[in-house]
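Encoded as structure tokens, the structure appears first; notes follow it.
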Amino acid sequence: MTLPLPDGSFGRFKIVESPMLEPALAAKYPEIKTYSGRGVDDPTITTRFDLTYNGFQAIILSSQGTILIAPYARAATQAFTSAITRRIIRPKLPPTASSPTRTPRRPNQKSWRSSLLSEKA
411 MTLPLPDGSF GRFKIVESPM LEPALAAKYP EIKTYSGRGV DDPTITTRFD
461 LTYNGFQAII LSSQGTILIA PYARAATQAF TSAITRRIIR PKLPPTASSP
511 TRTPRRPNQK SWRSSLLSEK A
């Protein structure tokens, strides 16, 4: 299988089904499938993706960074965006009694999900 990469090329992967749902839940929702794979040309690259009623979404882990693949638009089945992040994005957690109430702000920090959602609009 080939997956789109941020530079416009495609990566080749050997894919296997990798069920994540309990058998009873999988029987109730047969349209939800999850897969894992390893790069054919570069075996150090791995991928996980799902095919659901919401479409196709994937993550590729490589030494160059994390690549996220999502539908270009909500109903898209043929057009996808592929973006790479080279840093770890940590979710913002609410302050606790033992932590400071002010979190240092990093400029231009967005979660990848909000970035993808804003591109769909």
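For the sequence shown, the tail end lands on 531 under the working numbering, and the numbers increase by one without skipping.
Where is the CB? At the ideal position from N, CA and C, for every residue including glycine.
query: Near the ligand PLP: Leu471 beta-carbon under 7 Å from a heavy atom; result: As far as ligands go, the structure on display features none, and thus does not contain the ligand PLP.
query: Which of helix, strand or coil DSSP assigns to Leu415; result: coil
query: Beta-bridge pairing of Glu427 - partner residues as DSSP gives them; result: Tyr445
query: Alpha-carbon to alpha-carbon, Asn464 and Gly475; result: 25 Å
query: Where Pro481 sits in the DSSP three-state scheme; result: strand
query: Proximity winner among Phe466, Ser473 and Phe459, relative to Pro429 (alpha-carbon distances); result: Phe459
query: Of the listed residues Tyr439, Lys443, Phe466 and Leu478, nearest to Val426 (C-alpha basis); result: Lys443
query: Where the beta strand (DSSP E) containing Gln467 begins and where it ends; result: Gly465 to Ser472
query: Residue range of the unbroken alpha helix (DSSP H) whose run includes Pro433; result: Pro433 to Lys438
query: With 16 other Cβ atoms within 10 Å as the buried cut-off, status of Leu435; result: exposed
query: Start-to-end residues for the beta strand (DSSP E) that takes in Thr462; result: Thr456 to Thr462
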